[in-house]
Amino acid sequence: MINTCTTVFKNICYTLFLCLLMGGVHAQVKEQGIIPQPYRIQKTGDVFRFSPNVAIGVGDGISTDNLIFFNQYFRSLAGYTLKNGKNTGALQLRIDSVAVTQAEGYKLSVTSKQISIIGHDQAGVFYGLQSLLQLLHKSNGKITVQGCTIEDHPRFAYRGMHLDVSRHFFKVDAIKKWIDLLALYKINTFHWHLTDDQGWRIEIKKYPLLQSISAYRDETIIGHKKDSPHRFDGKRYGGYYTQEEVKAVVAYATQRHITIIPEIEMPGHALAALSAYPELGCTGGPYKAATYWGIFDDVYCAGNEQTFTFLQNVLDEVLPLFPSRYIHIGGDECPKTKWKTCPKCQQRIKDEHLKDEHELQSYFIGRMEKYLNSKGRQIIGWDEILEGGLAPGATVMSWTGEEGGIAAAKLHHNAIMTPEKYVYLDYYQSLYPSEPLAGGGYTPLSKVYNYEPITKELSDDEAKYIKGVQANAWSEYLASTAQAEHQIFPRILALSEIGWTTKGNKSYSNFLKRLRYEHPLLKQLNINAADTFDEITDSVTESADYQVQLALSSTLPNAQIYYTTNGTTPGLKSKKYNKPFIVTTSGQIKAAVFSGAKQIGRVYQKDFYLDKAIGKTVTLTNQPQGGYNPGNTFGLVNGVFGSKLYNDGQWYGFNGDDLEAVVDLGKVQPVSQLGINILKYHWQKMWEPTLLTFETSTDGKNYTEVYRQTTFNDNGINAVRANIKATQARYIRVKGTNKGIIPPGEYIAGAKAWLMVDELIVK
Ligand code: TNX
Numbered sequence: 009m010i011n012t013c014t015t016v017f018k019n020i021c022y023t024l025f026l027c028l029l030m031g032g033v034h035a036q037v038k039e040q041g042i043i044p045q046p047y048r049i050q051k052t053g054d055v056f057r058f059s060p061n062v063a064i065g066v067g068d069g070i071s072t073d074n075l076i077f078f079n080q081y082f083r084s085l086a087g088y089t090l091k092n093g094k095n096t097g098a099l100q101l102r103i104d105s106v107a108v109t110q111a112e113g114y115k116l117s118v119t120s121k122q123i124s125i126i127g128h129d130q131a132g133v134f135y136g137l138q139s140l141l142q143l144l145h146k147s148n149g150k151i152t153v154q155g156c157t158i159e160d161h162p163r164f165a166y167r168g169m170h171l172d173v174s175r176h177f178f179k180v181d182a183i184k185k186w187i188d189l190l191a192l193y194k195i196n197t198f199h200w201h202l203t204d205d206q207g208w209r210i211e212i213k214k215y216p217l218l219q220s221i222s223a224y225r226d227e228t229i230i231g232h233k234k235d236s237p238h239r240f241d242g243k244r245y246g247g248y249y250t251q252e253e254v255k256a257v258v259a260y261a262t263q264r265h266i267t268i269i270p271e272i273e274m275p276g277h278a279l280a281a282l283s284a285y286p287e288l289g290c291t292g293g294p295y296k297a298a299t300y301w302g303i304f305d306d307v308y309c310a311g312n313e314q315t316f317t318f319l320q321n322v323l324d325e326v327l328p329l330f331p332s333r334y335i336h337i338g339g340d341e342c343p344k345t346k347w348k349t350c351p352k353c354q355q356r357i358k359d360e361h362l363k364d365e366h367e368l369q370s371y372f373i374g375r376m377e378k379y380l381n382s383k384g385r386q387i388i389g390w391d392e393i394l395e396g397g398l399a400p401g402a403t404v405m406s407w408t409g410e411e412g413g414i415a416a417a418k419l420h421h422n423a424i425m426t427p428e429k430y431v432y433l434d435y436y437q438s439l440y441p442s443e444p445l446a447g448g449g450y451t452p453l454s455k456v457y458n459y460e461p462i463t464k465e466l467s468d469d470e471a472k473y474i475k476g477v478q479a480n481a482w483s484e485y486l487a488s489t490a491q492a493e494h495q496i497f498p499r500i501l502a503l504s505e506i507g508w509t510t511k512g513n514k515s516y517s518n519f520l521k522r523l524r525y526e527h528p529l530l531k532q533l534n535i536n537a538a539d540t541f542d543e544i545t546d547s548v549t550e551s552a553d554y555q556v557q558l559a560l561s562s563t564l565p566n567a568q569i570y571y572t573t574n575g576t577t578p579g580l581k582s583k584k585y586n587k588p589f590i591v592t593t594s595g596q597i598k599a600a601v602f603s604g605a606k607q608i609g610r611v612y613q614k615d616f617y618l619d620k621a622i623g624k625t626v627t628l629t630n631q632p633q634g635g636y637n638p639g640n641t642f643g644l645v646n647g648v649f650g651s652k653l654y655n656d657g658q659w660y661g662f663n664g665d666d667l668e669a670v671v672d673l674g675k676v677q678p679v680s681q682l683g684i685n686i687l688k689y690h691w692q693k694m695w696e697p698t699l700l701t702f703e704t705s706t707d708g709k710n711y712t713e714v715y716r717q718t719t720f721n722d723n724g725i726n727a728v729r730a731n732i733k734a735t736q737a738r739y740i741r742v743k744g745t746n747k748g749i750i751p752p753g754e755y756i757a758g759a760k761a762w763l764m765v766d767e768l769i770v771k
């Protein structure tokens with residue numbers, strides 16, 4: 009519940025107060041508040057004024073650790089720290105598990121005389137202080153807090169962020185800086201992805217080669233993995249955390265009520281470990297830490313006892329460093345190619361009466377789970393640990409979609425929702441061409457914010473097994489801390505609100521108001537947060553009369569959008585956007601958001617290519633799949649071409665299936681050029697067709713082939729434009745034969761190829 013002042017008088021006071029705070033101008037678009045939105049907050053007209061005389065009364069049993077971050081932040085804002093005042097303190101902290109019944113919950117009250125924070129537990133007190141930090145207001149060098157009463161507790165017990173430090177390594181200082189921020193936003197779990205193909209990042213004393221060999225790779229790919237051929241920087245890259253550093257980070261996080269869950273990947277994503285200990289692989293190597301991103305066939309041998317001894321020894325050193333109940337053992341993306349031909353793995357399958365390699369994966373995970381259970385720990389694994397049967401006490405981290413989490417909850421296993429489509433921070437947050445390189449995918453702030461972890465498939469009882477949510481920062485393209493921060497912030501603030509705030513209290517527009525206030529503070533804390541969330545987003549739809557209609561919008565209240573259709577830069581004198589309009593000619597549309605005379609964000613642009621096929625009926629024999637199914641056929645004839653950012657929602661992807669599309673032009677007419685765009689990125693499993701044909705027909709029954717093509721040379725977009733002898737046609741049939749199974753020697757050989765197409769062109 010969000011309560012604001014009830015009486016008219018209070019409302020007026022409040023509005024006046026806000027105007028004073030914000031200098032009036034931005035009152036409608038910015039509002040000082042708390043992220044994540046509390047359960048209940050009531051603001052009053054009171055104001056508490058801080059001064060160097062204000063003391064903190066720390067109640068019995070409260071750890072002063074809770075104050076470390078508060079003091080640090082307060083000092084940076086105020087220039088002084090608060091004294092210790094026991095019962096005389098105007099800022100009172102105490103624990104009372106009766107007055108506040110929910111774990112991690114707190115009550116915060118601010119009057120002109122006193123600030124009181126009552127926590128259910130230590131974490132509750134800590135979170136009360138974090139809320140207070142966000143309410144501190146500085147004006148003319150003075151720190152004040154607006155009067156309020158807050159009752160607050162989290163929706164989910166698990167609120168996490170994951171960080172991959174293998175693909176790119178981040179120093180302890182950066183990790184600590186981010187932990188501070190996670191704590192500020194009441195995120196209580198940091199999932200530290202410490203090992204992967206491209207580097208082993210934690211010191212294991214028993215295996216010194218993990219430090220000298222596995223922690224380094226020879227070089228790193230430049231640009232995107234989809235580029236072909238791959239190019240490399242020629243520079244050795246790596247690093248690892250010593251056990252002392254790990255202990256320090258864990259202690260730092262513990263003071264901030266953050267549990268660190270380490271991830272030691274198995275059985276896949278193991279190349280870095282194998283590079284030092286090749287006897288642990290099926291073929292014996294030699295192996296090298298990967299220098300580019302992806303999935304690799306060489307994994308730990310599941311038939312070799314040494315593998316288990318190694319991993320158990322590793323865990324024996326990892327466990328004392330991490331007091332967390334949960335240990336993440338990976339489990340994702342483990343190709344079974346090598347196991348299929350490995351005599352030891354095949355012997356294991358026989359001996360253990362397993363059905364196949366999937367059950368061998370389940371055997372592997374189950375065995376490691378037993379080991380960890382014997383040490384008093386529980387396992388978490390990516391959703392592939394469901395393969396071949398789930399180990400008894402395992403928690404599933406659902407990433408490929410929500411299905412894994414749903415399946416786990418139905419089996420009464422705990423699950424944590426991290427679906428890539430919604431909460432992957434390595435994905436693009438904006439599709440503007442100037443956005444820095446990212447992994448692919450598109451998870452704008454609004455999409456992260458609006459993610460709901462409890463799906464309708466779950467009964468109330470099953471929903472209890474969904475323990476929470478997590479956003480994942482995979483670091484393939486996070487080559488610097490600045491770039492990492494651009495991807496993580498502010499989307500992690502949206503995640504914090506999914507994890508903490510009740511469904512009924514969530515509102516994206518209200519979140520944005522608080523974020524616009526919070527954003528400059530992030531910058532002051534030296535965080536390179538992205539600020540593109542109010543930029544223009546668009547939607548291209550079919551108008552009632554089958555034309556292309558463009559709608560532009562910005563989330564900035566009272567913003568004005570101006571646009572041009574001739575390629576020039578939009579300004580206040582350009583056409584003002586009022587409502588969706590029909591795009592009548594080919595060309596580039598540019599637009600920009602203005603708040604008064606000030607341009608907000610970058611210039612939006614989109615190219616339109618209009619022809620005879622626009623808005624015409626398209627019939628598909630096979631349906632596109634997964635993330636490459638725009639959900640209608642209009643996208644094939646909407647005048648907008650899919651871009652090299654293959655997840656822009658324009659591309660139609662056929663996984664292993666052929667393309668067969670028929671465009672009905674409505675009436676017989678002259679046709680002289682047919683075209684289609686085909687996306688070829690073998691490093692992304694996207695293959696050109698083995699054969700592409702165009703056929704024309706006047707009756708929809710008898711077709712004449714007018715064009716065929718079997719080679720497509722460009723990595724990226726292959727624009728097929730077939731100039732044919734002018735002919736009369738009503739129906740155009742396009743057929744593309746899918747490559748089928750990706751051939752041996754190619755990336756992800758044995759998997760189904762995607763045939764990616766967009767835009768059927770008829771002139
Ligand atoms: C899949 S998510 C992976 C990671 C990659 C990520 C890139 C998961 C469990 N595995 O290895 O970094 O995609 O988005």
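The sequence shown maps to residues 9 to 771 in my numbering. Even for Gly, the Cβ is constructed at its ideal location relative to N, Cα and C.
Reduced DSSP secondary structure (H/G/I, E/B, other) of residue i
i, result
"Arg-239", "strand"
"Gly-31", "Residue confidence for Gly-31 is low, a pLDDT of 39 falling below 50, so the modelled location carries little weight; the figure read from the coordinates is stated next. Note: Gly-31 maps to coil in three-state DSSP."
"Pro-441", "coil"
"Phe-497", "coil"
"Gly-374", "helix"
"Ile-269", "strand"
"Asp-615", "strand"
"Gln-631", "coil"
"Ile-64", "strand"
"Leu-768", "strand"
"Gly-132", "helix"
"Leu-763", "strand"
"Asp-359", "helix"
"Gln-568", "strand"
"Val-1", "Residue 1 lies beyond the stretch modelled for the chain, which goes from 9 to 771, so this question has no answer here."
"Val-648", "coil"
"Gly-413", "helix"
"Ala-446", "coil"
Span separating the alpha-carbon of residue i from that of residue j
i, j, result
"Asn-773", "Tyr-689", "This structure leaves residue 773 out entirely; the chain is present only between 9 and 771."
"Phe-616", "Ala-599", "14 angstroms"
"Ile-126", "Asn-148", "30 angstroms"
"Leu-218", "Met-274", "15 angstroms"
"Leu-137", "Leu-101", "9 angstroms"
"Gln-381", "Leu-319", "Checking the displayed sequence, the identity of residue 381 turns out to be Asn instead of Gln. Asn-381 and Leu-319: Cα-Cα distance of roughly 14 angstroms."
"Glu-505", "Thr-451", "16 angstroms"
"Gly-449", "Val-257", "31 angstroms"
"Leu-398", "Lys-378", "13 angstroms"
Whether residue i touches residue j by CB criterion (8 angstroms)
i, j, result
"Gly-389", "Ile-414", "no"
"Ser-582", "Thr-572", "yes"
"Trp-508", "Pro-162", "yes"
"Ile-732", "Tyr-755", "no"
"Pro-565", "Gln-36", "yes"
"Cys-156", "Val-118", "yes"
"Val-153", "Phe-56", "yes"
"Leu-768", "Ala-567", "no"
"Gly-447", "Trp-482", "yes"
"Leu-433", "Ala-479", "yes"
"Val-788", "Gly-623", "A question about residue 788 goes unanswered here, because the residues of the chain that appear run from 9 up to 771."
"Ala-537", "Glu-493", "yes"
Within the chosen definition, does the stretch 544-556 reach the stretch 587-597 through at least 3 CB pairs nearer than 8 angstroms?
The answer is yes - the stretch 587-597 touches the stretch 544-556, with three or more Cβ pairs under 8 angstroms.
Are the stretch 736-749 and the stretch 757-770 in contact at 8 angstroms, needing three or more beta carbon pairs?
Under the three-pair Cβ rule at 8 angstroms, the stretch 736-749 counts as touching the stretch 757-770.
Stretch pair the stretch 73-82 + the stretch 217-225: three plus CB contacts closer than 8 angstroms
The stretch 73-82, when compared against the stretch 217-225, does not touch it at the 8 angstroms Cβ threshold.
Between the stretch 706-723 and the stretch 632-640, can you find at least three pairs of beta-carbon atoms closer than 8 angstroms?
No: fewer than three Cβ pairs fall under 8 angstroms.
Flag this pair as touching only if the stretch 450-467 and the stretch 667-680 have three or more C-beta atom pairs under 8 angstroms; answer yes or no.
Between the stretch 450-467 and the stretch 667-680 there are fewer than three inter-stretch CB-CB distances shorter than 8 angstroms, so the stretches are not counted as touching.
Assess contact between the stretch 409-425 and the stretch 459-469, defined as three or more Cβ pairs (one per stretch) separated by less than 8 angstroms. Is contact present?
These segments touch.
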